[in-house]
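Reviewing the structure listed below.
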Amino acid sequence: MSVRCGIGYDLHRLAEGRKLIIGGIEVPFDKGPVGHSDGDVIAHALCDALLGAAGLGDIGTHFPDTDLKWKGANSLQFLEYARKLLDEKHLAIEHVDAVVILERPKLGPHFPKMREALAKALRVPAEKIHLKAKTNEGVDAIGRGEAIAAHVVATLSL
Ligand code: MG
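Numbering of the sequence shown is given in the working numbering, commencing with residue 2 and proceeding in unit increments.
So this is what it looks like as structure tokens:
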């Protein structure tokens, strides 16, 4: 068995009047990510981690933000698309580990639903998706509540 790891990172500014979509679900909050799509940082970083591990470029290659088709898009469809590309290369998802960085709100209570949504899009058991959240201790744009970011590592096997 050959094992491959991929890393992904994403950041979006937060603004009032946008839904806070993270990990494929809506989290109740007064701000949300500004973006061409729904701005789901976990889905975007995860998509990049999967594509990176498979040697298939990045999310911008496959879903350019200049394409009107992806305006307001549900980012879970990016994951479904990435999963199909992995299937074609006979690559299986072994594990996903993610960390989301944002000041507020607390994400822990929402993790079970996020894992379920992400696992469904990737067609893997939810046990293969691990999520963690950190604050930025009040430092920088994330610490001031102006942005949200995520780092994801994905492990695939051939
Ligand atoms: Mg993004």
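The beta-carbon is built from N, C-alpha and C at its ideal position, and this holds for glycine as well.
Two segments are said to touch when three or more pairs of C-beta atoms, one from each, lie closer than 8 Å; by this definition the segment 16-30 touches the segment 106-113. Residue 101 has its Cβ no nearer than 7 Å to any heavy atom of ligand 1.
Secondary structure at residue 141: helix, using DSSP grouped into helix, strand and coil. Placement of the Cβ of residue 40 at a distance of less than 7 Å from at least one heavy atom of ligand 1 is found. Fully enclosed alpha helix (DSSP H) runs of no fewer than 4 residues occupy 77-89, 112-123 and 141-144 of the segment 77-154, in order along the chain.
Excluding its 5 nearest sequence neighbours in each direction, residue 153 has C-beta neighbours in its own chain below 6 Å: 9, 46, 47, 50 and 99, listed in chain order. When only Cα atoms are considered, residue 2 and residue 92 end up about 11 Å apart. For residue 59 and residue 139, the gap between their C-alpha atoms comes out near 30 Å.
Secondary structure of residue 54 (DSSP, three-state): helix.
Here residue 34 is bridged, per DSSP, to 15.
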